[in-house]
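Residue numbers (my numbering): 11 to 310. By construction, the Cβ of each residue, glycine as well, lies at the ideal position given by its N, Cα and C atoms. Take a look at the structure below.
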Ligand SMILES: C[S@@+](CC[C@H](N)C(=O)[O-])C[C@H]1O[C@@H](n2cnc3c(N)ncnc32)[C@H](O)[C@@H]1O
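Here it is in structure tokens:
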């Protein structure tokens, strides 16, 4: 069942960026369950929404019954510039990265280590998935994925152990994979999180090309921003947050209107440190605990 009651993360903080402004054009590149978009529509703004997910398309259709000013496009946001968008410049562009609660609960996608699913983890409909990575990547590739995307220091040991196990029989399910992790002898980082968290994160990032999508998107997003527009990005892991932080730093404008990037545009950085969710919000929505929001104001 599609849960269309998605609780949008830090929506008050995002709405406060555009307070008092009349009808704006907003590009929500990660529509998900439509939580943020609905808040914008309720304030009378125009929303152009993008998501790769079929369920998002259904939710957007529902929303359209009450709000005529939403336009949905099913696409990977890294290709947003190739879409024939009705509106070409926006006052706010929002990315709320990662997967939705619907996707987390979807057994076919298998993002959760609490559900025994077939190994997949691809929530964007691409060709790569965790099964192919675990059963067919060579040692160096496995090591790269676990080291770079899971920050697992003993990535080589883990890669070798997986290759040894899969030579006996293919690794088919999340629970089989968790069993292998537990027997691998690898020291996983923290006692505070489930020991499979880092390995699952690594497979998910690789399966969906999460970091490449973000980097490709950031290379061209400035073309779609109105002067004084806000670019707001919520990330959920340090690898993504670092990319966003460096992007704003590399394209920062200083007080004398000097553009750090030697181009005729840049950002005033509105969040020297990322904004995090309030304790109250975290109590209501546990997923908000790891969210980091960074915002820049586009100057041209
Ligand atoms: C955290 S959810 C967004 C939730 C949404 N802001 C809300 O309030 O309902 C992230 C969504 O982004 C989508 N997504 C992630 N990466 C994407 C990409 N590269 N292209 C298109 N959609 C993407 C996922 O399919 C998911 O629906």
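TODO: Pull up the distance between the alpha-carbon of residue 44 and that of residue 59, whole angstroms please.
DONE: Spanning the alpha carbons of residue 44 and residue 59 requires a straight line of approximately 9 angstroms.
Is the CB-CB distance between residue 243 and residue 305 below 9 angstroms?
-> Yes, Cβ-Cβ distance for residue 243 and residue 305 is below 9 angstroms.
| Are the CB atoms of residue 55 and residue 89 nearer to each other than 9 angstroms? | No, they are not a contact pair.
Check: How about residue 190: is its C-beta nearer than 9 angstroms to some C-beta of chain C?
Finding: Here chain C cannot be found, since the structure has a single protein chain.
- Task: Using DSSP bridges, identify the partner residues of residue 57.
- Result: Residue 57 is bridged to 36 and 80.
Residues near residue 16 by beta carbon distance below 7 angstroms, same chain, minus five either side:
These residues qualify, in order along the chain: 42, 43, 44, 45, 110 and 111.
ask   = Pick from 114, 108, 258 and 66: whose alpha carbon is nearest that of residue 301?
value = Comparing Cα-Cα distances from residue 301 to each of 114, 108, 258 and 66, the minimum goes to 108.
Inset, instruction - Please state whether DSSP places residue 242 in a helix, a strand or coil. - result: In the structure shown, residue 242 sits in a strand (DSSP, three-state: E or B).
task: Could you spell out where the beta strand (DSSP E) holding residue 307 opens and where it closes?
output: Residues 302-309.
Can you check which of these residues, 82, 233, 126 and 26, is closest to residue 8 by C-alpha distance? Because the chain is modelled from 11 through 310, residue 8 falls outside the range shown and cannot be assessed.
Give the secondary structure of residue 186 by DSSP, where H, G and I count as helix, E and B as strand, and everything else as coil.
When DSSP states are grouped into helix, strand and coil, residue 186 belongs to the helix group.
Are the beta-carbon atoms belonging to residue 23 and residue 279 less than 9 angstroms from one another? For residue 23 and residue 279, no; Cβs fall outside 9 angstroms.
- [ ] Take residue 27 and list the residues in its own chain whose beta-carbon comes closer than 6 angstroms to its own, dropping the five residues that flank it on each side.
- [x] Exclusion of the five residues before and after residue 27 leaves 240 as the residues of its chain whose Cβ lies within less than 6 angstroms of its Cβ.
| Under the criterion of a Cβ to heavy atom distance below 8 angstroms, does residue 60 qualify as lining ligand 1? | Indeed, a heavy atom of ligand 1 lies less than 8 angstroms from the Cβ.
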